[in-house]
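Residue numbers (my numbering), protein chains in the order written: chain A, 15 to 271; chain B, 136 to 358. No residue lacks a Cβ here, since even glycine has one placed at the ideal position from N, Cα and C. The structure displayed is predicted, hence computed values, not measured ones.
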């Protein structure tokens, strides 16, 4: 456990000290600040709090996971290049401890700026007159829509660059985020509209009133509670699967060495 | 002093090969996609997306890693080669590969019978991929040098790209933002602000490349 916590602590400190990460999130804060805090927007009544919370969470997932995915893509690649992986493999630390520590450290470090801004948005809402009943709904939207996106994205961003070149992955991931979440499947075949969508689209439609899609028709907007649960399980399952694949790959490499 | 470009054999042996095969792989993928789609309108849309949207993203991300990712960077600094020559070699090579892919792709589209005349004249079609590629190339390298970290450049390129792709409707409509919209030439070739937008993007690209050159001159930052 101490080794796991040590890796988490190192990963978290290293990542949160990167100026590029805060620069990218800073630009996004500026954009969200202007678009979310536009004066004159009516404070939603109680009946619309769920839709409002879902809408905010969906907007958070538009761009922020791209920052998280790209910035966390070089973690294991760095370790291999700097010889840290080799050094750690000579210690009695288990592979799963290393992988879990890296994953949790990267996940927590990316969620830190996201959650910080999430808190600011909620505080501004409270100051603007939104009811206190919004806070638990907002927290639910964070857990149901924002957190699963990063659980999925960080797992793939850690593992894929071990197999394919880092810059190739970063281009593919950026393109995937648009293709897999926001491209109209009628215009071009895509994963958007399915359950394997980390943008939180399914949970938004099933639990949070649909937000901007509330008045849209069609089967791709017809998701219910079971769909949302299935989507979350699918995303978590894919993350677990890819991390397991990484452990097997590292075991194979160690056996070959 | 007479300066020479590096021999191609050295470039082939030492440079990262994905900057050669990755754009070519995407070219093949999109050529296959446009052929499989079959529908002329959808195929042309996919072709426009590849030329004007996908190629610039690759140019930007590859440029972020082009110089600082070199393990022999300190060795390069110890030689009497000016910064502009190194930048010209690295970034110029990426741009040359992107240009080759763009031209080959247009030939393939013509062979498949999908005219790209919806993007305008032959010159307009080249500007549609060249200007955003130059701009993101400059952005990727400038930010990488500014942060002395390759991932920072790739991060900003990816963020700007996805932001402009998702919010393209807003960019085109906003009176000021339209001049910073990279994809007017490919996605909105008939827009009245096309020329002004392309002029602004050209100036931006040149400014970013100048910043990259200036920052790269401060070699002690990257050792």
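Mind listing the chain A neighbours of residue i? Cutoff is C-beta to C-beta under 7 Å, in chain order.
{"i": "residue 297/B", "result": "77, 80, 188, 191 and 192"}
{"i": "residue 193/B", "result": "185"}
{"i": "residue 373/B", "result": "As shown, chain B starts at 136 and ends at 358. That puts residue 373/B outside it, with no answer to give."}
{"i": "residue 153/B", "result": "179, 181 and 182"}
{"i": "residue 345/B", "result": "Near residue 345/B there are no residues of chain A at all, since even the closest Cβ is about 20 Å away, more than 7 Å."}
Run through chain A and tell me which residues come within less than 8 Å of residue i, C-beta to C-beta.
{"i": "residue 244/B", "result": "Here the premise fails: no neighbours, minimum Cβ distance about 17 Å."}
{"i": "residue 200/B", "result": "180 and 181"}
{"i": "residue 181/B", "result": "202"}
{"i": "residue 232/B", "result": "The premise fails here: residue 232/B is roughly 13 Å from chain A at the closest Cβ pair, so nothing lies under 8 Å."}
{"i": "residue 316/B", "result": "Within 8 Å Cβ-Cβ: nothing; residue 316/B doesn't reach chain A, min ~15 Å."}
{"i": "residue 351/B", "result": "Here the premise fails: no neighbours, minimum Cβ distance about 17 Å."}
{"i": "residue 165/B", "result": "Chain A residues near residue 165/B: none, gap ~11 Å exceeds 8 Å."}
So residue i contacts chain B; which residues on that side make the cut at Cβ distance below 7 Å?
{"i": "residue 85/A", "result": "286 and 290"}
{"i": "residue 38/A", "result": "290, 291 and 294"}
{"i": "residue 196/A", "result": "301"}
{"i": "residue 34/A", "result": "282, 284, 286, 287 and 290"}
{"i": "residue 88/A", "result": "286"}
On the CB-based measure, 16 or more other CB atoms within 10 Å of its CB, does residue i come out buried or exposed?
{"i": "residue 285/B", "result": "buried"}
{"i": "residue 308/B", "result": "exposed"}
{"i": "residue 78/A", "result": "buried"}
{"i": "residue 164/A", "result": "buried"}
{"i": "residue 145/B", "result": "exposed"}
{"i": "residue 319/B", "result": "buried"}
{"i": "residue 85/A", "result": "buried"}
{"i": "residue 40/A", "result": "exposed"}
{"i": "residue 206/B", "result": "exposed"}
{"i": "residue 143/A", "result": "exposed"}
{"i": "residue 221/B", "result": "buried"}
{"i": "residue 221/A", "result": "buried"}
{"i": "residue 200/A", "result": "exposed"}
{"i": "residue 15/A", "result": "exposed"}
{"i": "residue 271/A", "result": "exposed"}
With residue i and residue j assumed to form a contact (beta carbons below 8 Å), what rounded beta-carbon distance in angstroms separates them?
{"i": "residue 87/A", "j": "residue 171/A", "result": "5 Å"}
{"i": "residue 209/A", "j": "residue 244/A", "result": "6 Å"}
{"i": "residue 263/B", "j": "residue 187/B", "result": "5 Å"}
{"i": "residue 271/B", "j": "residue 192/B", "result": "7 Å"}
{"i": "residue 173/A", "j": "residue 256/A", "result": "5 Å"}
{"i": "residue 196/A", "j": "residue 301/B", "result": "6 Å"}
{"i": "residue 287/B", "j": "residue 279/B", "result": "6 Å"}
{"i": "residue 252/A", "j": "residue 192/A", "result": "About 19 Å separates the two Cβ atoms, so there is no contact after all."}
{"i": "residue 159/B", "j": "residue 236/B", "result": "6 Å"}
{"i": "residue 275/B", "j": "residue 184/A", "result": "Actually they do not touch by this definition, with Cβ atoms about 11 Å apart."}
{"i": "residue 297/B", "j": "residue 128/A", "result": "Not quite, the Cβ-Cβ distance comes to about 16 Å (not below 8 Å), so this is no contact."}
{"i": "residue 314/B", "j": "residue 181/A", "result": "That pair is no contact at about 29 Å."}
{"i": "residue 22/A", "j": "residue 125/A", "result": "Between residue 125/A and residue 22/A the Cβ distance is about 13 Å, and since that is not below 8 Å, they are no contact."}
{"i": "residue 156/A", "j": "residue 132/A", "result": "6 Å"}
{"i": "residue 161/B", "j": "residue 189/B", "result": "6 Å"}
{"i": "residue 343/B", "j": "residue 277/B", "result": "5 Å"}
{"i": "residue 194/A", "j": "residue 216/A", "result": "Wrong, their Cβ atoms sit about 13 Å apart, outside the cutoff."}
In terms of residue numbering, what span does the alpha helix (DSSP H) encompassing residue i cover?
{"i": "residue 207/A", "result": "Taken as a continuous stretch (DSSP letters only), residue 207/A belongs to no alpha helix (DSSP H), as it is neither H nor E."}
{"i": "residue 93/A", "result": "89-96"}
{"i": "residue 281/B", "result": "257-282"}
{"i": "residue 241/A", "result": "239-270"}
{"i": "residue 136/A", "result": "109-141"}
{"i": "residue 79/A", "result": "63-85"}
{"i": "residue 308/B", "result": "303-308"}
{"i": "residue 27/A", "result": "16-30"}
{"i": "residue 320/B", "result": "319-322"}
{"i": "residue 379/B", "result": "Nothing about residue 379/B can be reported from this structure: the residues present for chain B run from 136 to 358 only."}
{"i": "residue 358/B", "result": "Looking at the DSSP string, residue 358/B is not in any alpha helix (DSSP H), and its letter there is neither H nor E."}
{"i": "residue 218/A", "result": "215-221"}
{"i": "residue 253/B", "result": "First-last for residue 253/B: undefined, no H or E at that position."}
{"i": "residue 163/B", "result": "153-172"}
{"i": "residue 336/B", "result": "329-351"}
{"i": "residue 212/A", "result": "From DSSP, residue 212/A is part of no alpha helix (DSSP H); its letter is neither H nor E."}
{"i": "residue 311/B", "result": "Note, residue 311/B: premise wrong, no alpha helix (DSSP H); not H, not E."}
{"i": "residue 201/A", "result": "Careful: residue 201/A lies outside any alpha helix (DSSP H) and carries neither H nor E."}
{"i": "residue 178/B", "result": "175-184"}
Strictly below 9 Å CB to CB, what residues from chain B border residue i?
{"i": "residue 93/A", "result": "Within chain B, no residue comes near residue 93/A; the closest Cβ sits about 14 Å away, beyond 9 Å."}
{"i": "residue 41/A", "result": "291, 294, 295 and 298"}
Name the chain B residues that come within less than 8 Å of residue i, Cβ to Cβ?
{"i": "residue 223/A", "result": "The contacting residues do not exist; residue 223/A stays about 22 Å from chain B at best."}
Going along chain A in order, which residues have a C-beta closer than 9 Å to the C-beta of residue i?
{"i": "residue 189/B", "result": "185 and 189"}
{"i": "residue 240/B", "result": "Going along chain A, no residue has its Cβ under 9 Å from residue 240/B, so there is no contact; the nearest lies around 16 Å."}
{"i": "residue 150/B", "result": "Within chain A, no residue comes near residue 150/B; the closest Cβ sits about 12 Å away, beyond 9 Å."}
Just to confirm the assignment: which complete alpha helix (DSSP H) runs, minimum length 4, are found wholly within the region 203-233 of chain B?
208-212
In chain order, which beta strand (DSSP E) runs of at least 3 residues are fully inside the region 153-199 of chain A?
none
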